[in-house]
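Enquirer: Residue numbers (my numbering): 296 to 664. Beta carbons: idealized from backbone N, C-alpha and C, even for Gly. Here it is, the structure in full.
Structure (structure tokens):
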């Protein structure tokens with residue numbers, strides 16, 4: 296299999312699979328047990344949180360381990376909004392967000408929240424001036440993803456943060472799933488109130504994720520016991536937590552070197568396809584080299600996907616979490632000159648594991664479609 300769908304998921308590292316098995320075998324006692332083995336398990340849970348804090352050089356932050364980014368995004372948003380049900384409340388987000396963000400806001404609108412959706416320009420960039428203009432006295436939360444999962448646009452979070460800092464009451468939520476471990480941030484992670492991560496996007500395990508949040512925030516979402524400060528009650532998956540911490544630690548190594556390697560491959564791919572008249576390369580100066588969106592002028596994206604699959608080449612058509620929904624096309628509708636071509640799009644995602652031989656095969660077969 297020639298794999299170009301790393302944005303959807305990655306192959307887990309062998310050492311993380313082995314670590315998960317070892318922790319399950321050696322620390323299987325409940326982390327809340329008052330006996331020695333339970334205490335040791337809880338100490339390992341605390342150590343895992345500290346590993347993330349130290350690795351990311353965080354201050355005044357806490358780590359909530361989750362089952363993935365979808366749960367982390369839900370917890371972040373509902374957790375903040377739960378304290379504002381009986382008062383005027385306003386939220387600002389973008390039409391570019393992941394389904395696990397947009398669908399939460401659709402639900403909150405039904406509960407009386409006013410939500411403003413910022414419209415991106417043709418490069419997929421949100422104008423910070425539009426953000427500032429839409430802030431009101433009732434604004435409590437802003438959600439802006441770091442890197443878009445469909446077209447790879449890198450948002451100007453440094454400018455977003457400048458604006459949010461003028462309004463201390465407003466909390467900033469950033470879906471960092473496609474940015475973390477791939478791109479060095481042009482902003483301080485400590486300036487983000489709620490940051491969400493996914494393990495399986497980083498060669499970790501499915502079912503692992505994290506919400507990093509300001510330690511002054513009082514989040515409330517699921518009701519139950521006191522585990523993880525009562526935010527995520529229930530017996531803790533210690534092995535998953537340990538593996539998530541190790542995943543973040545490993546993903547933080549040589550980020551820039553990995554970025555440069557992928558950037559060369561991205562440029563090779565773009566230069567090889569830029570003169571093809573039957574496709575449109577959806578890219579800009581703000582694009583992540585890990586993602587290339589390609590629109591066919593006369594072929595449906597799903598048709599192109601299966602044509603490539605017949606040649607053992609795997610690509611995506613959009614968000615894997617939303618691959619059977621028309622919502623996946625919204626990002627492309629805003630960025631394509633001819634929005635009707637949104638359904639004709641595939642997503643190529645690269646990795647340090649991608650070889651030039653694989654790229655040559657991909658290029659050959661795209662030219663033949």
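From the DSSP secondary-structure annotation, give me the bridge partner or partners of residue 466.
Expert: What you label residue 466 is simply residue 171 of the chain shown in a count that begins at 1. Per DSSP, 436.
Enquirer: Using C-beta distances below 6 Å, list every residue in its chain close to residue 333, excluding the 5 sequence neighbours before and after it, in chain order.
Expert: Here residue 333 corresponds to residue number 38 of the chain shown, with the count starting at 1. Excluding positions up to five away in sequence, the list reads 324 and 325.
Enquirer: Is it buried or exposed for residue 328, if we count other Cβ within 10 angstroms and need 16 for buried?
Expert: As a working mapping, residue 328 is identified with position 33 in the chain shown. Its Cβ having fewer than 16 others within 10 Å, residue 328 is exposed.
Enquirer: In terms of residue numbering, what span does the alpha helix (DSSP H) encompassing residue 336 cover?
Expert: Translated into positions along the chain shown, residue 336 becomes position 41. Counting along the chain, the alpha helix (DSSP H) containing residue 336 begins and ends at 331-350.
Enquirer: Please look up how many angstroms separate the CB atoms of residue 562 and residue 306, rounded, as I've assumed it's under 8 Å.
Expert: Here residue 562 corresponds to residue number 267 of the chain shown, with the count starting at 1. Here residue 306 corresponds to residue number 11 of the chain shown, with the count starting at 1. About 24 Å; that fails the 8 Å criterion.
Enquirer: CA-CA distance, residue 456 and residue 441?
Expert: Working through the chain shown from its first residue, we reach residue 456 at position 161. Working through the chain shown from its first residue, we reach residue 441 at position 146. Spanning the two alpha carbons is a distance of roughly 12 Å.
Enquirer: Mind checking whether residue 584 and residue 557 have CB atoms under 7 Å apart?
Expert: Numbered from its first residue, the chain shown carries residue 584 at position 289. Numbered from its first residue, the chain shown carries residue 557 at position 262. Yes, these two residues count as a Cβ contact at 7 Å.
Enquirer: Taking only runs that begin and end inside the stretch 341-408, name each unbroken alpha helix (DSSP H) of 4 or more residues, in chain order.
Expert: Listed in chain order, the complete alpha helix (DSSP H) runs (minimum 4 residues) inside the stretch 341-408 are 364-376 and 394-405.
Enquirer: Between which two residues does the alpha helix (DSSP H) harbouring residue 563 extend?
Expert: Here residue 563 refers to the residue found at position 268 when the chain shown is read from its first residue. Counting along the chain, the alpha helix (DSSP H) containing residue 563 begins and ends at 550-568.
Enquirer: My output table needs one value for residue 581: the three-state DSSP class, helix, strand or coil.
Expert: The residue given as residue 581 occupies position 286 in the chain shown. Residue 581 falls in the coil class under three-state DSSP.
Enquirer: Hey, how far is the Cα of residue 399 from the Cα of residue 363?
Expert: Here residue 399 refers to the residue found at position 104 when the chain shown is read from its first residue. Here residue 363 refers to the residue found at position 68 when the chain shown is read from its first residue. The alpha-carbon atoms of residue 399 and residue 363 are separated by roughly 16 Å.
Enquirer: Grouping DSSP H, G and I as helix and E and B as strand, with all else coil, what is residue 504?
Expert: Taking the chain shown and counting its residues from 1, the one referred to as residue 504 is at position 209. Here residue 504 sits in strand by DSSP.
Enquirer: Indicate whether residue 453 and residue 485 have their beta-carbon atoms separated by less than 7 Å.
Expert: The residue you call residue 453 lines up with position 158 of the chain shown. The residue you call residue 485 lines up with position 190 of the chain shown. Their beta carbons are not under 7 Å apart, which means residue 453 does not touch residue 485 by this criterion.
Enquirer: Check each candidate in 372, 586 and 368 and name the one with the smallest Cα separation from residue 560.
Expert: Sequence index remark: in the chain shown, residue 560 carries index 265 (1-based). Looking at the Cα atoms, 586 is the closest of the given residues.
Enquirer: Taking 7 Å as the threshold (C-beta atoms), are residue 596 and residue 666 in contact?
Expert: Here the chain comprises residues numbered 296 to 664, so residue 666 is not present and cannot be evaluated.
Enquirer: From residue 427 to residue 371, what does the alpha carbon distance come to, in whole angstroms?
Expert: Position 132 of the chain shown, counted from the first residue, corresponds to residue 427. Position 76 of the chain shown, counted from the first residue, corresponds to residue 371. Their backbone Cα atoms lie some 22 Å apart in a straight line.
Enquirer: What first and last residue would you give for the alpha helix (DSSP H) that runs through residue 421?
Expert: Position 126 of the chain shown, counted from the start, is the residue given in the question as residue 421. Neither: residue 421 is in no alpha helix (DSSP H) and is coded neither H nor E.
Enquirer: When we look at the beta-carbon of residue 385 and count the other beta-carbons within 10 Å, is it buried (16 or more) or exposed?
Expert: Taking the first residue of the chain shown as 1, we reach residue 385 at position 90. By the neighbour-count rule (16 or more Cβ atoms within 10 Å), residue 385 is buried.
Enquirer: Just to check my reading of the structure: residue 592 and residue 574 have Cβ atoms closer than 8 Å, yes? What is that Cβ distance to the nearest angstrom?
Expert: Start at 1 with the first residue of the chain shown, and residue 592 comes out as number 297. Start at 1 with the first residue of the chain shown, and residue 574 comes out as number 279. Rounded, the Cβ-Cβ distance is 7 Å, consistent with contact.
Enquirer: Return the chain-ordered list of same chain residues with a C-beta closer than 6 Å to the C-beta of residue 409, the five sequence neighbours on each side being excluded.
Expert: Translated into positions along the chain shown, residue 409 becomes position 114. If we look at residue 409 and ignore the five residues flanking it on each side, its Cβ neighbours are 385.
Enquirer: Between residue 577 and chain D, is any beta-carbon pair separated by less than 7 Å?
Expert: Absent from the structure: chain D. Only one protein chain is present.
Enquirer: Would you kindly work out how many angstroms separate the C-alpha atoms of residue 352 and residue 537, rounded to a whole number?
Expert: Counting from 1 along the chain shown, the entry for residue 352 is found at position 57. Counting from 1 along the chain shown, the entry for residue 537 is found at position 242. Distance between the alpha carbons of residue 352 and residue 537: 18 Å.
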